[in-house]
Structure formats: C-alpha cells, structure tokens
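**Student:**
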Amino acid sequence: MKITDIRTAEVYGHGYSTYVRVYTDEGLTGTGECIHGGAGCPALIRDLKHLVIGENPLNVDMLFEKMRRAHVFDGALAGNMVTAMTGIEIALWDLTGKALGVPIYQLLGGKFRDRVRLYCDSHAGRDASPESYAQRAREVVALGFGALKFDVDDARSRYRSDRWNWTAPPGEVAQMVERVAAVREAIGPEVELAIDMHGRYDTQSGIRVAQAMAPFALMWLEEPVPPENVAAMREVKRNSPVPICAGENLYLRWGFRDLLEQQAVDIIMPDIPKCGGLSECRKIATMAETYYIPLAPHNVCGPLGTMASAHVCASIPNFQVLEWHWVDRPHWHDLVTVDQPVIQDSAVVLTDKPGIGVELNEEGVRRHLRPGTELFAAD
Ligand SMILES: [Mg+2]
Numbered sequence: 009m010k011i012t013d014i015r016t017a018e019v020y021g022h023g024y025s026t027y028v029r030v031y032t033d034e035g036l037t038g039t040g041e042c043i044h045g046g047a048g049c050p051a052l053i054r055d056l057k058h059l060v061i062g063e064n065p066l067n068v069d070m071l072f073e074k075m076r077r078a079h080v081f082d083g084a085l086a087g088n089m090v091t092a093m094t095g096i097e098i099a100l101w102d103l104t105g106k107a108l109g110v111p112i113y114q115l116l117g118g119k120f121r122d123r124v125r126l127y128c129d130s131h132a133g134r135d136a137s138p139e140s141y142a143q144r145a146r147e148v149v150a151l152g153f154g155a156l157k158f159d160v161d162d163a164r165s166r167y168r169s170d171r172w173n174w175t176a177p178p179g180e181v182a183q184m185v186e187r188v189a190a191v192r193e194a195i196g197p198e199v200e201l202a203i204d205m206h207g208r209y210d211t212q213s214g215i216r217v218a219q220a221m222a223p224f225a226l227m228w229l230e231e232p233v234p235p236e237n238v239a240a241m242r243e244v245k246r247n248s249p250v251p252i253c254a255g256e257n258l259y260l261r262w263g264f265r266d267l268l269e270q271q272a273v274d275i276i277m278p279d280i281p282k283c284g285g286l287s288e289c290r291k292i293a294t295m296a297e298t299y300y301i302p303l304a305p306h307n308v309c310g311p312l313g314t315m316a317s318a319h320v321c322a323s324i325p326n327f328q329v330l331e332w333h334w335v336d337r338p339h340w341h342d343l344v345t346v347d348q349p350v351i352q353d354s355a356v357v358l359t360d361k362p363g364i365g366v367e368l369n370e371e372g373v374r375r376h377l378r379p380g381t382e383l384f385a386a387d
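As numbered in our numbering, residues 9 to 387 make up the sequence shown, in order.
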C-alpha cells in the first residue's frame, strides 16, 4: 500500500481544527484532527505531503521522523509545523489501524483501561461573579462530571493598575480566592477541581496564588507562570501547597525533557493532537513515568481528536484525566457518525473498531467549515 494524497478541511469548534485525510492506492483512507495550528496548518500540510506520498503509510514513526528532520530549519522543533505533522501522524495511525483491522490502542501496546475519564473545562456562567462560577459548577456536576476546571486569570480585573505587567495585586488574588471558594462550596469536597492561570503571572504572583489555594484541595493549579522558564515554574512548585500542572504549549519529547528532569511540575498536560501526535505522546508519557509524574492531557478537539487522544490515554499507566471543553458547543454531535456516544458518564469509551473508531459525518462537518473553504478539496 502506498500513500497517494493528503487533503485537509478546517472546521470550527474551539477555534479551528484541521482535519487531515490520507489517501492510498488501495482506496483505504485515514483521517486525523490537529488543533491550534493556526490558519497556516493546511498550507504546511500541503508542503509536507511530498515527503510521504509514495511511502507505505504503516511506517508511521519513520514518516513522522522524515518530516521532522526535513523541516528542522523551518520550525519542526516546536510550533505549528509540529502541529501540521501531528495531523498527518494521527491520520496515518487511523489508516494503519484500519489496514490491520485493530484499534489504535492495540498498536500502542494495548489498553490499561476501557474508559478514559474526562474533566469538564468551562467558563463561568453569565458573568465573573463568584455566584456565577458556583452556578456553572453545579450545572457541570449535574451533567455527571466528577472533575472540573475553571479559569481565574482576568486581565480586565479592576484591581489591575496595568494591563501589561504580570503582577497580581492583593485585590486580584482575593478575587481569585472568592471565585474558587464559591466553586468548592458549591461542589463539595469530593468533586475534583483544577484552576487555570494560563501562564499570565510573574513568579511572586504565582507563588502567592498557589499558597492562597491551600484550603481548596485542588486537583492542580495550571501554569501559574509561563511555561518556557523551567526554573521559575520549579520555584513556584517548591513553594506551592497544591499540585502544579503545565505543558499545553510545549512540543515533542524535547519540549518536556527539562520540565521532567528538573521536576518543575507535579503533572504534565501535553496537547496530543498538537504537540507531536500519538506515538510522540506515548514516548512523553514514558519519560514522565520515570519521574512518577502523571499526564492530564490538554484537549479542546472535537470528537475525532478527542477519541484519538483517548487511545494514548488508554495505553499508558500514568494517565490521570483528559480535558473536554465542548460543554457549550452542541455541534459536537454533528461532526461524527458513531454506533455509541463517544462520551458516556463523563468518560470517553473506547470501542474495538479499527483505527480511531469514529468516522466524520461529512454533512455535519460541512456546516462548520471555515467560510470560503471546502471539505478535503484536491489541490
Ligand atoms: Mg490551560
């Protein structure tokens, strides 16, 4: 079997995802989803495809490494070049699973679990008041979620004297505490709660907020400082009474190496359909395992990318929980055709179908294409 073409489609969900379809001379196709590649992702994939056309699609790792080595000078260390390669990689796994008649998790070494537990990330409800956060938290728990995440960083906070510096004044820290306290009060002690700061604060602010979170038994505090300075992240972690999680904007094994070696976090959160794909994240998970660090992957993909991520989450021992960010996006159900819902009782349920195990509903996908673009158009 040989690869004959690769085509893309851009679909609106949580921002734009790029769907990637790999075609072969035997008529078999594989489809992947990558995200956060920006508007340039389809163009990068067009540029990458000459490296894989004519190749055997089952040599997934070799083809990924071929693309990576060919583009080291063009951004293949981190960023949207890696994301474009990731979209192709996930489509190749879907194709390989279909060619061999097995689900992807089987190709990754089999599964530790049938259900991949989700946490629901959502914004506060009507406004940013503590009561609005609490109300939203109650709504999400009523949907059956046992783990939630909320954002507390607020560049428009009235306590801010300046929108550019990264220092949280005492009033802003108190505002964060009020919101988190309201959520914890609303959900009780047993529902797990993560709080995200989006890497928008300086080290002293990160430490102050982490210490203020001590009473709320957080599942984690996410990116209190930006991710690119590992020493600063470690400084926060060493002074934090709650677990620190980071890594949604890091790429490939090398992007996580320092974070792990320095033990600068308690949990890592690679974005699987962005940072290198299924094989790469399996390797990142193995590295993390040697430091006793679990994975809680970042994920804002639709059902195809979420299910692809779930194959990795099922195949590693150190999986903690996977993000789901579509609670306000009912068109989740438009995008794929399935025999059973992708999500059941707040978990992704794996099937024994070959490949990723879900197929795009092309009619549904067409309704959410980027305006002016087509579904898997030929060049
Ligand atoms: Mg985050």
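Ideal Cβ placement from N, Cα and C applies to all residues, glycine included.
Using the Cα positions of THR175 and GLU269, report the straight-line distance between them to the nearest angstrom.
**Tutor:** Going by the C-alpha atoms only, they are around 28 Å apart.
**Student:** Are at least three pairs of beta-carbons, each pair with one atom in the segment 190-200 and one in the segment 137-155, less than 8 Å apart?
**Tutor:** Touching, yes.
**Student:** For the beta strand (DSSP E) that SER323 lies in, which residues bound it at each end?
**Tutor:** Premise fails: SER323 lies in the alpha helix (DSSP H), 311-323, not in any beta strand (DSSP E).
**Student:** Closer than 6 Å to a non-hydrogen atom of ligand 1 - does that hold for the CB of GLU331?
**Tutor:** Not so, every heavy atom of ligand 1 lies at least 6 Å from the Cβ.
**Student:** Pop quiz: VAL329 and ARG125 are said to be a contact at Cβ under 8 Å. What is the actual Cβ separation, rounded to whole angstroms?
**Tutor:** About 5 Å; that satisfies the 8 Å criterion.
**Student:** Nearest to ARG265 by CA position, among PRO234, ARG246, THR298, is which residue?
**Tutor:** Answer by Cα proximity: THR298.
**Student:** Might you give, ordered along the chain, the residues of its own chain that have their beta carbon closer than 8 Å to the beta carbon of ASP122, omitting 5 neighbours on each side?
**Tutor:** Taken in chain order, the residues that qualify are ALA322, VAL357, LEU358.
**Student:** Do you know how far the Cα of ASP13 is from the Cα of LYS74?
**Tutor:** C-alpha separation (whole angstroms): 17 Å.
**Student:** Does the Cβ of GLU200 lie closer than 6 Å to at least one heavy atom of ligand 1?
**Tutor:** Not under cutoff, so the answer is no.
**Student:** Strictly by DSSP, which residues pair up with GLN352?
**Tutor:** Per DSSP, ALA355.
**Student:** Look at the alpha carbon of TRP228 and the alpha carbon of SER165, and state the distance between them as a whole number of angstroms.
**Tutor:** Rounded to the nearest angstrom, the two C-alpha atoms are 23 Å apart.
**Student:** Could you check where the beta strand (DSSP E) with TYR20 kicks off and where it finishes?
**Tutor:** Start and end: 11-21.
**Student:** ASP387 to PRO251, Cα distance in whole Å?
**Tutor:** Their Cα atoms are separated by approximately 48 Å.
**Student:** Is any heavy atom of ligand 1 found at a distance shorter than 6 Å from the C-beta of GLU230?
**Tutor:** Result yes, Cβ under 6 Å from ligand 1.
**Student:** Where does the unbroken beta strand (DSSP E) through GLY372 begin, and where does it stop?
**Tutor:** Unbroken run through GLY372 is the alpha helix (DSSP H), 370-374; no beta strand (DSSP E).
**Student:** Going by Cα to Cα distance, which pick from LEU226, ARG216, ALA136, ASP129 is closest to LEU151?
**Tutor:** Minimum Cα distance to LEU151 is reached at ASP129.
**Student:** Give me the Cα-Cα distance between LYS119 and ASN326, rounded to the nearest whole angstrom.
**Tutor:** One C-alpha to the other measures close to 12 Å.
**Student:** Cα separation between ALA182 and ASP336?
**Tutor:** Their Cα atoms are separated by approximately 28 Å.
**Student:** Identify the continuous alpha helix (DSSP H) that holds GLU180 and give its terminal residues.
**Tutor:** Unbroken alpha helix (DSSP H) run through GLU180: 178-195.
**Student:** If you drop the 5 nearest sequence neighbours on each side, which residues of the same chain put their C-beta closer than 8 Å to that of ALA296?
**Tutor:** Excluding residues within five positions, the ones whose Cβ falls inside 8 Å are PHE264, LEU268, ILE276, PRO302, LEU303, ASN326.
**Student:** Beta strand (DSSP E) containing PHE158: first to last residue?
**Tutor:** From DSSP, the beta strand (DSSP E) with PHE158 extends over 155-159.
**Student:** Taking 8 Å as the cut-off, does the segment 276-288 touch the segment 97-105 (at least 3 CB pairs, one atom from each stretch)?
**Tutor:** Yes: the two stretches touch, three or more of their Cβ pairs being nearer than 8 Å.
**Student:** Indicate the three-state DSSP secondary structure (helix, strand or coil) for ASP279 in the structure shown.
**Tutor:** Strand at ASP279.
**Student:** Just mark MET89 as buried or exposed, buried being the case when its beta carbon has 16 or more other beta carbons within 10 Å.
**Tutor:** Counting Cβ neighbours within 10 Å, MET89 comes out buried, since at least 16 surround it.
**Student:** Look up THR91 in the DSSP assignment and give the residues it is bridged to.
**Tutor:** According to DSSP, THR91 bridges with nothing at all.
**Student:** Return yes when at least one heavy atom of ligand 1 lies under 6 Å from the C-beta of ASP204, else no.
**Tutor:** ASP204 Cβ: within cutoff of ligand 1.
**Student:** Answer yes or no: the CB of GLU256 versus the heavy atoms of ligand 1, is any distance below 6 Å?
**Tutor:** Indeed, a heavy atom of ligand 1 lies less than 6 Å from the Cβ.
**Student:** Contact between the segment 336-350 and the segment 361-374 is defined here as three or more beta-carbon pairs at a separation below 8 Å; is this criterion met?
**Tutor:** These segments touch.
**Student:** Where does MET184 land, buried or exposed, given buried means 16+ other C-beta within 10 angstroms?
**Tutor:** Result: buried.
**Student:** If distances are taken between C-alpha atoms only, which option among MET9, PRO111, GLU139, ARG261 comes closest to THR32?
**Tutor:** The shortest Cα separation from THR32 among MET9, PRO111, GLU139, ARG261 belongs to MET9.
**Student:** For PRO362, which of helix, strand or coil comes out of DSSP?
**Tutor:** Three-state result, PRO362: coil.
**Student:** Can you look up GLU236 in the DSSP assignment and give me helix, strand or coil?
**Tutor:** GLU236 falls in the coil class under three-state DSSP.
**Student:** Quick one: residues in its chain with C-beta nearer than 6 Å to the C-beta of ARG3, no 5 flanking neighbours on either side, listed in chain order?
**Tutor:** Lying outside 9 to 387, the shown extent of the chain, residue 3 is not represented and no answer is given.
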